[in-house]
Every structure is written in C-alpha cells, then in structure tokens.
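Q:
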Amino acid sequence: MIATLALAVVQIAIVAFGAPLLVGTLRTLKARLVGRQGPSPWQPYADVRKLLAKEVVVSTTTSWVFRATPYALVATLLTAALIVPVMTVRPPLAFAGNIILLVYLFMLGTFFLALAGLDAGSAFGGMGSSREVAVAALAEPTVVVAVFALALRAESIDLGRIVERFAGEPWLAANPAHLLAFAALFIVMLAETGRLPVDNPATHLELTMIHEAMVLEYSGRYLALVEWASAMKLFVFMTLLANLFVPWGLAEPTGPIPVLVGALALAAKLAVLTAAVALLETAVAKLRLFRVPELLAGSFALAFLSLMAIFVVR
Amino acid sequence: MTRLGYGVVALMGAAAVGLGGYGMTGGGAALRLPSLLPLGGLELTLDPLGGLFLALIGCAAIPASIYAFGDAAGARRGRFAYAVFVTSMCVVPVAANTMTFLIAWELMSLASYFLVLHDRQSKGSVNAAWIYAVMTHAGLACLLAGMLLLGADVGSPRFADWRAAAPTLTPTTRDAAFLLLALGFAGKAGVVPLHVWLPLAHPAAPSHVSALMSGVMIKLGVYGLLRVSLDWLGIGPSWWGAALLIAGAASSLIGVLYALVEHDLKRLLAFHSIENIGIILLGIGSAALYRVAGLDALAALGLIAALYHTVNHAMFKALLFLGAGAVVHATGTRNMEAMGGLIKRMPWTAVCFLVGSAAIAALPPLNGFVSEWLTFLALFQNMRLEAVGQNLVFTLGIASLALTGGLAMACFVKAFGITFLALPRSDAAARAHEASRPVRVAMLTLVTACVVLGVGPTLVVPTLESVASAVLGTAPEAISGDWLTVRVSGQFASVSTAAIAVVLAGSFCAPLVALRLVGASRRTRAYETWGCGRIVQTPRMEYTATAFASPFKRVFDFFYRPTKRLDIEFHPESRFFVERIEYENPTRSIFEDWLYRPALRLLHGGARAAGALQSGSANQYLAYILAALLLMLVLA
C-alpha cells in the first residue's frame, strides 16, 4: 500500500515536472533544425512562473464553468498520469479502468475546455471549441481499434500486462500488426495534442488554429494551468506510445533502483520520440482544416489493417 | 385535483419500484384471471427481467410525476392519459400471455398518442402524432402476426409454453417469428431505419411525458427484443445476434449524427435516444452471438452491459428531458439558437443539465461511462470466437461505439454550451427564470441516481448479474470483484469509478492548494471578452449552434447531403453595402428520401389502382359478391 502510494507520488511528479521540459526540448530542437538559436529547454518553467505572477483577466460574460475548467483539466491529466505505465509495469491506478478510462479522461478534459471556449461568447473561442471536439471525436475510433489490436495479441487490456507481454517478444519491431498500430497511434497523438500537421502550436492569430483559439480568453494562473495541462497531455501520450511499442527497460515495482532505471529508460525513449516529432514538424506544413479528417481516416485505416493482420495470422 | 392525480401516479411508481425490486432479486409472483379477458385471460407473472423493467419504469415515473407537480399549467391537460400511460407500461413487463401483453402494449401506445397530441393547435404536433400512430400500429401488426404465428404453432398463447416448446419448433417458424417480433419491437425502440417517428413524437409531448417516452417507453421495445432474442425462442442461429449488432452499430452512429446537426433542444435529445438504443443493442447482439458459441460467461457480460446501459439511459435521458422542459418553460422556445446565458438565470437547471450531459457523453466517473466500458469489454473479447466474419461484425461494433462516444461528447458540448453559456441570444432567454421547486427536486433526484449508478457499479452489477443468469438459464462467473473494483473475465480488465472519482477530486483540489503554496498572484480583474478592438460585445458575435456543427456537416456531407441557399440583397447604390443576407444550409434525411417516400408512393399507387374496383354501381358490387361466393365454393 505504502509502496504503491510512493510510486503514485513519484509518477505524478515525473509527469508533472517532466512535461514542461519535454515541450521546451521540442521547441529548442525545432528551432535548431531551422537554423535558429531558439529558447532554452527550460523556458516553459520560466513561462509558468511569469504567468503565475500575473493578474487574471476574466471576461464578464463567463460563468463558473470558465473558472473551474483549468482545474478540471489538470485533474484529468494528473489522473491519467497514474494509469499509464511510466517507469514500472504496474501503474498505481491500473485497476480503475485501463486504456478505455484513459481515452475517456482525455475526452472529459476536452469537454470542459470546449465549454470554456464557448463561455466567453467570442467567435474565436467557439470556432476553436468546435474544431477541437471535431478532431477529438474523429480520432477516437483509431485509438480504440488500435488498442483493441494490441489487446488481442496481449490477451488483456491492462496496459501493464500488454507492456510485460510485448517485452518478452524479441521480434516485436518486425511484426506488421505492431508497426501498423504504432503508425495509427502516432498520427492520433499528433492530432490529440495539437501538433503539426493538424494544428500549429506556435501561432496565436491565425484563422486555422484550433487549440490556441479555444484557450484565447485565458490569462495569468489559469493560462499557466491550461498550458501545463497541454504539456502533460503530450507527455502522457508520448510515454504511452514509447512504452507500448518499445516495452523494454520498465521495472517491476521492487525498489528504488529498478524504478530509477525505468525512469532513465523512459527519458531515452522520449528523447528519440521527441526528436522524431521535431523532425516531422519541421518537414511538413499544416494541413488545411478540412483535410484533417482525411488524415484521421487514414490513421483509422492503419489501425484496422493492424487488426486484420492479427485475424489473418491467427 | 391535478396535483392529486400526479401524486397518485408517483405513489404507483414507488409501488412499481418495490414490486420490481422484489422480482429482480428472485421473488416470483403470478396472477391469473382466466375469465377477465377472452383468449387466455389476464395473466401476470413477475420474473427477474420483468422486475428490472418494472422497477425502472417506477424509478422514472416518480421524478416525472414530481416534475408535473411543479409544471401545473402544462400538465393539467392529459393527466388521465398520463395515468393510463404509466399503468399500462407497468403491465407490459409482467404480462405473461399474448392477450394481456398486446392489450397493455396498445393501451400504452394509445395513451402516448394522446399525450403527443397535447398541443392540438400546432400543425407540427398533429403531424407528429399521425406519423407516430401509423408507425406504432405497423409495429403492432408485426407483433400480432408474430405472436399469432407462435401461438398457433405451439398451441398456447402463454409465453412460458413458448419457452418450453422453443427447441421443438422448425427453423423456418422460429426465423419467421423472430423477424416479425423483432421488427415490431425494434419499431417501438426506435432502431434505424424504423426511427422516423421518434424525433417527431417525443419533442411534441409535454416534457415529463417526453422523459418517460424516451426514458422508459422505448426501453420496452428493448425488453421485447431481449425476450425474443434470448428468452422466448431459445438459442437462435448466429445471424440473429449479428443482425442485432449491425442494427445497433447503425442506430448508434446515425442517431448521434442527426443529433449533431439538430438545434431543437428536445429533438436533439430524441435523436440521442436512438443512439443509446443502438448502444444497448450492441450489448444484446454480442450476448446472443456469444451464447450461440457456448461462451455463457461472455454472453452474461454482454447482457449485463446492455441492462446497465438501459438503466443508465433511463436516468440521464429523463434528467435531460426534464432539464430541457425547464428551459423551454423559461424561454418559450425549443430553438437553441435563441437561448444562451441561462447558467446565470437558471443555475440549478444548468448544473443538473451539465451532469446529465456528462453522463450521456460517457464521461468518467458518471454512469454512462460504466455501461459503455462494460459494452466495450463485451465487444473486445470476440477473439474467443473462431469465425472471422463474426470478428468483423464485432470490430464494426467497436469502431462505431468509439466514434459514437466522441460525437456524443461533441454534441453535448454544443447542447450545453450554446444553451447555457455566453450571452443570451434573445430577450426571452435574457428574462428566463429558474425552475420551480418540484421541478428542481425531480432533477436532483435523477442527478443523484446518475452519480450513484456511476460510482457504485460494485453495488449494481451483482443484481444485474443475477437477472442475466436468470435470463440465460446459467450461472456463469462473468464478473467478480470487491467493494472497490469490478473485475471482468478474470484478469482481462477491471474498473473502479469510485477510485477514479476520489483521485479526480483530489487532483482537482491539488492545484488549488499548490497555487496558494507557491504564492501565485490572486488578483483577478473582470473585463470584456477580447474582440480584436471592437467596441461592444453583442450576442450576434457569438458562435451559433449551426456554426458549431458545421465541421461535422462538412466531414459527413455524404450522409447529410446538405443543400445551400444564399440570398444577398445589395444596397441599390453600391455593391459594397449589403442590406440583407439570408443563408440556409439544411440537411436531408436519406431514410425519408430513399425509403419512406418511395414506399409511400408505392402505397398510394396501389390504393389508386384498387380504387378502380369501386365504381359506385350497385350492380357491379353484386357481381363482386357473386364472384367471391363462386370462388369460395370452387376453393372449398
């Protein structure tokens, strides 16, 4: 019991305090790739500190939904951080609903954020909300079918058990079903966390923006929470991808040393994945908004093919 | 007098809950009065499945009657029909022979017909009632044919005899009976493509009746489908289950897609009923398929998921309809585009509607999440089936359930956000008033039910499991667990909404405390919404429901087939000044265009052709009689 509690605290701390570093590293890498000096990887921490010191401007049009949303959003992500295997194969809250819970927790966060976008009554917020929920809704079948494909091979939907099972398969990387599911989930990760080519996280005033338009009314500590939550979502999603598809290095929860090893392994995996996302974001342009559904349909096709590969091989 | 009537119905609901609960937990009871009715007499039997539905009707009737208590002006007319409606609904799940069942069924349909016809001045509601009457009687004809067929073949109108004789029936009889009965029940449940009456009839009735129609009346269609596919006809061929699964996938997706582009608040909710019936059918279909394959534990899981969702949908849909009723009462319109800002004028209703929205969108830790989670788990385990064709059908179910979940979330962001948030879009919305106390009590009762069913699956699931094993006739260990966790199929998966609720609440408070500890600024300034430098903010600048739904309209245009009409009137002096813009972007129903219109045309054509026989000449009619007589003599 105490060990689980300690693990939960460590896991939340890693996700909560690692997330801004991940976003900072991604930004630095992207800047270097296009030949700019770029900010330090630690810049997001400074941003949060600055925002926390500022006053909040709240629109008179808004209701309590607008003020509660940043906290609700952070709550969904802190809970999500306990469901994903981060550095051990036994996430502390694994028993509470597994990957389906994770998907619906992200939906809970999106639900509140989209409501907050409508609450201020500006066209920007409404436009962002409408687009964000459209992308989230269309991404969901891919996640569920890809996860079903993984669960089929692991004979469990428990994330820890899936990871354990795959760690015992040395030729995992050569399995077509596995690679297809990875590709599908990678595209969904880009869409769900608002990265290129679905959304551009670097702009604020562009009519094609999605996430940034929705949170336009937030300022001060509320904005700090919302940005921090976005970073955590990226961290959780990337951790999930990294550990599902490169399952080696995770610890059985036996003691501090294996957990430390697990954390280091995670750092290495995330570094590789971050580099990949940075390269991709430098290489591709943003898609027109109404081309995004085609991309998501493509990712669904990949997930479906992964499933078919399993049915056929069986 | 009105209040007394509704009070009696509420008490009757409480009695139904008690009796149903007794039946659900294994208590049996039977009543037989052979002389009361012809053809078998009145016969009532209480079994676990019937008990569950009886208790459910009671649970929904209590808050609906309390609501009617507070809405005296709207509820004075039709209180007799309402009492008949609730009573006949209570009889349906305990009816034990054809005669009793069909009389209760028809009374329920007739009473609800009169309630749909509530507003006799409006052309819309007369039309809705007419379509409802036609569809419900087409369904009744199917039920009657199926029941007579079975009754003649088995030689008894009693359901218990059908159950016993099911294995001895020929496959053709069983398939024909299944098709007829399933069609009749699916029509009442609103399964696509038999759903067309539902979005017309439910909104036309007063809100407490809409709550009951959407919450429990269509569930009696589900009850019938359960009896047909799992009980009366024994274990059927696998196409029954596959057909139910495919119908469920189609209904869930099509229901939510129509709801997305619907801006009449009550019609939107009616379309969501179609969606949720689809989700229930996914559970029933999977149960039927697993049962054919001999996987009783998985069949029980699918059935538990379906029953759980049935109960949940009754609660949150009743809650949402009562909330919508309060909003319509306060603003005088059902059009969401004329609402907005109600969260400030109606804080109680807003909170209740928000809980209902989160529950129907299956957001954890509320009740919709638990039953959709169970449905997912029932569908996921199709790898135990060996037939690839069946695996594909299950995959279709999984994908459509996932897409439905996402789209339902999007739809309720629209429903709550446009109705309750931002600035009021009309004077009526700006002058809205909070609902009366009985209405609030009714809504809060249902909110409590949603929360308890959400965080307490460990209390609910064992009861449903005993109902499921009574229906399936086996006692498989589908679900285990302790006070905190529900565990499915051994090690496969587990869920604990209580733990989720605690962790969510903890991590909601954590940043509140943490921000204070790190000394974050607590200064807050109230100011206008940022608007690119414009002077004042008006409701016309807000995003509308139409605009909110437009990405979906574009993505799914092959389904909506939207037509566009744009009229611009320019100033006579210059084309750079616009006097008036009219924009219309309606969608069309593929079911009306491709199914119902051609069928009606065929019917009209046939009627006209038959009309040629009717010349008005008495001699010709005498010739017909003679011809008929001769024909009968020859045939005999």
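Chains A and B, in that order, give the protein sequences.
Each step along the first sequence adds one to the number in the numbering used here, with nothing skipped, and position 161 is 162.
Each step along the second sequence adds one to the number in the numbering used here, with nothing skipped, and position 354 is 831.
For every residue, glycine included, the Cβ atom is placed at its ideal position computed from N, Cα and C.
#1: Are the Cβ atoms of leucine 949(B) and aspartate 773(B) separated by less than 8 Å?
#2: Assign leucine 1110(B) to buried or exposed, taking buried as 16 or more other Cβ atoms, counted over all protein chains shown, within 10 Å of its Cβ.
#3: Would the beta-carbon of leucine 521(B) fall within 8 Å of that of alanine 572(B)?
#4: If we ignore side chains and look at the alpha-carbon of each, how far apart do leucine 658(B) and aspartate 1034(B) end up?
#5: Which residue marks the beginning of the alpha helix (DSSP H) containing glutamate 1056(B), and which one marks its end?
#6: Touching or not, the stretch 3–20 of chain A and the stretch 100–109 of chain A, by the rule of three or more beta carbon pairs under 8 Å?
#7: Check whether chain A comes within 8 Å of leucine 533(B), counting only Cβ atoms and requiring the distance to be less than that.
#8: Mapping DSSP to helix, strand and coil, what is valine 68(A)?
#9: So what does DSSP say about threonine 872(B), is it helix, strand or coil?
#10: Could you pull out every unbroken alpha helix (DSSP H) segment of at least 4 residues lying fully inside the stretch 814–856 of chain B, listed in chain order?
#11: Per DSSP, what are the beta-bridge partners of phenylalanine 1047(B) in this structure?
#12: Please list the segments of the beta strand (DSSP E) lying wholly inside the stretch 902–972 of chain B, counting only runs of 3 or more residues, in order along the chain.
#13: Excluding five sequence neighbours on each side, which residues of the same chain lie with their C-beta closer than 7 Å to the C-beta of phenylalanine 893(B)?
#14: Mind listing the chain A neighbours of valine 865(B)? Cutoff is C-beta to C-beta under 7 Å, in chain order.
#15: Please report the distance separating the alpha-carbon of arginine 640(B) from that of alanine 581(B).
#16: Verify the CB distance criterion: does lysine 1030(B) have a CB-CB separation below 8 Å to chain A?
#17: Starting from alanine 168(A), trace the alpha helix (DSSP H) both ways and give me its first and last residue.
#18: Beta-carbon separation of arginine 597(B) and glutamate 56(A) under 8 Å?
#19: Against chain A, which members of the stretch 805–826 of chain B pass a CB distance test of less than 7 Å?
#20: What are the start and end residues of the alpha helix (DSSP H) that includes tyrosine 785(B)?
#21: With 8 Å set as the bound, which would you pick, yes or no: does the beta-carbon of glycine 950(B) sit closer than that to a beta-carbon of chain A?
#22: With a threshold of 8 Å on Cβ separation, who are the neighbours of phenylalanine 238(A) within its own chain once the five nearest residues in sequence on each side are excluded?
#23: Mapping DSSP to helix, strand and coil, what is asparagine 812(B)?
#24: Under the assumption that valine 890(B) contacts valine 134(A) (Cβ atoms under 8 Å), give the Cβ distance between them as a whole number of angstroms.
#25: DSSP beta-bridge partners for threonine 522(B)?
#26: Kindly list the residues whose CB is nearer than 6 Å to the CB of alanine 264(A), restricted to its own chain and excluding five residues on each side of it in sequence; keep chain order.
#27: Closest to phenylalanine 871(B) by C-alpha separation, out of Pro644(B), Glu752(B), Leu856(B), Thr935(B), would be which residue?
#28: Between the stretch 240–269 of chain A and chain B, which residues of the former have a C-beta closer than 8 Å to a C-beta of the latter?
#29: Can you tell me whether DSSP reads threonine 5(A) as helix, strand or coil?
#30: Quick check: what's the CA-CA separation for alanine 952(B) versus alanine 776(B)?
#31: Any beta carbon from chain A within less than 8 Å of glycine 528(B)'s own beta carbon?
#32: Along the stretch 293–308 of chain A, where does the CB come closer than 7 Å to a CB of chain B? Name the residues.
#33: Please determine, among Val972(B), Thr810(B), Ala653(B), Thr922(B), the residue with the shortest C-alpha to C-alpha distance to tryptophan 850(B).
#34: Looking at the structure shown, is valine 738(B) part of a helix, part of a strand, or coil, going by DSSP?
#35: Specify, as a first and last residue, the run of the alpha helix (DSSP H) that proline 984(B) falls within.
#36: Would you grab the beta carbon distance between glycine 667(B) and glycine 718(B) for me? Rounded to a whole angstrom, and I think it's under 8 Å.
A: Inspection of the coordinates gives the following:
#1: Position 472 of the second sequence, counted from the first residue, corresponds to residue 949(B). Position 296 of the second sequence, counted from the first residue, corresponds to residue 773(B). Yes, the pair counts as a contact, with Cβ atoms nearer than the cut-off.
#2: As a working mapping, residue 1110(B) is identified with position 633 in the second sequence. Leucine 1110(B) is exposed by the Cβ-count criterion.
#3: As a first step, residue 521(B) must be located in the second sequence, where it is residue number 44. As a first step, residue 572(B) must be located in the second sequence, where it is residue number 95. Cβ atoms of leucine 521(B) and alanine 572(B): closer than 8 Å.
#4: For this step, residue 658(B) is matched to residue 181 along the second sequence. For this step, residue 1034(B) is matched to residue 557 along the second sequence. Each residue's alpha carbon lies about 35 Å from the other.
#5: For the purposes of this step, residue 1056(B) is identified with residue 579 of the second sequence, where counting begins at 1. Note, glutamate 1056(B): premise wrong, no alpha helix (DSSP H); beta strand (DSSP E) at 1055–1061.
#6: no
#7: For this step, residue 533(B) is matched to residue 56 along the second sequence. With 8 Å as the cut-off, leucine 533(B) does not count as an interface residue toward chain A.
#8: For the purposes of this step, residue 68(A) is identified with residue 67 of the first sequence, where counting begins at 1. The sequence shown places arginine at residue 68(A), rather than the valine named in the question. Reduced to three states, the DSSP call for arginine 68(A) is helix.
#9: Taking the first residue of the second sequence as 1, we reach residue 872(B) at position 395. Helix.
#10: 819–822, 824–837
#11: Within the second sequence, numbered from 1, the residue matching residue 1047(B) stands at position 570. Paired residues: Val1055(B).
#12: 956–958, 963–965, 970–972
#13: Numbered from its first residue, the second sequence carries residue 893(B) at position 416. Excluding residues within five positions, the ones whose Cβ falls inside 7 Å are Phe830, Leu831, Ser834.
#14: Locating residue 865(B) in the second sequence gives position 388, counting from the first residue. Per Cβ cutoff of 7 Å: Phe312.
#15: For the purposes of this step, residue 640(B) is taken as residue 163 along the second sequence, with counting starting at 1. For the purposes of this step, residue 581(B) is taken as residue 104 along the second sequence, with counting starting at 1. Going from the Cα of arginine 640(B) to the Cα of alanine 581(B) covers about 21 Å.
#16: Looking up residue 1030(B) in the second sequence gives position 553. So no, lysine 1030(B) is outside the interface.
#17: As a working note, residue 168(A) is residue 167 in the first sequence. Here the alpha helix (DSSP H) through alanine 168(A) covers 160–168.
#18: By one-based count along the second sequence, residue 597(B) stands at place 120. By one-based count along the first sequence, residue 56(A) stands at place 55. Contact flag unset, no.
#19: Ile820, Lys821
#20: If you number the second sequence from 1, residue 785(B) lands on position 308. Here the alpha helix (DSSP H) through tyrosine 785(B) covers 773–808.
#21: As a first step, residue 950(B) is located in the second sequence; it is residue number 473 there, counting from the start. Output row for glycine 950(B): interface = no.
#22: Against the first sequence, residue 238(A) aligns to sequence position 237. Hits under 8 Å: Met190, Glu193, Thr194.
#23: Indexing the second sequence from 1 puts residue 812(B) at position 335. Three-state DSSP puts asparagine 812(B) in a strand.
#24: For the purposes of this step, residue 890(B) is taken as the residue at position 413 of the second sequence. For the purposes of this step, residue 134(A) is taken as the residue at position 133 of the first sequence. Yes, they are in contact, since the Cβ atoms of valine 890(B) and valine 134(A) sit about 5 Å apart, within 8 Å.
#25: Residue numbering aside, residue 522(B) sits at position 45 when the second sequence is read from its first letter. Threonine 522(B) is bridged to Ala507(B).
#26: Taking the first residue of the first sequence as position 1, residue 264(A) is located at position 263. Only Met88 meet the Cβ criterion.
#27: Your numbering for residue 871(B) matches position 394 in the second sequence. It is Leu856(B) whose Cα lies nearest to the Cα of phenylalanine 871(B).
#28: none
#29: Numbered from its first residue, the first sequence carries residue 5(A) at position 4. Of the three classes helix, strand and coil, the one that applies to threonine 5(A) here is helix, per DSSP.
#30: One-based indexing of the second sequence puts residue 952(B) at position 475. One-based indexing of the second sequence puts residue 776(B) at position 299. Cα to Cα, alanine 952(B) sits roughly 11 Å from alanine 776(B).
#31: For the purposes of this step, residue 528(B) is taken as the residue at position 51 of the second sequence. Not an interface residue.
#32: Pro294, Leu308
#33: Against the second sequence, residue 850(B) aligns to sequence position 373. Answer by Cα proximity: Val972(B).
#34: Looking up residue 738(B) in the second sequence gives position 261. DSSP places valine 738(B) in coil when its eight states are reduced to three.
#35: Working through the second sequence from its first residue, we reach residue 984(B) at position 507. Position check: residue 984(B) holds serine in this sequence, whereas proline was assumed. Looking at the DSSP string, the run of the alpha helix (DSSP H) that includes serine 984(B) is 974–994.
#36: Here residue 667(B) is taken as the residue at index 190 of the second sequence, counted from 1. Here residue 718(B) is taken as the residue at index 241 of the second sequence, counted from 1. Glycine 667(B) to glycine 718(B), Cβ: 20 Å. No contact.
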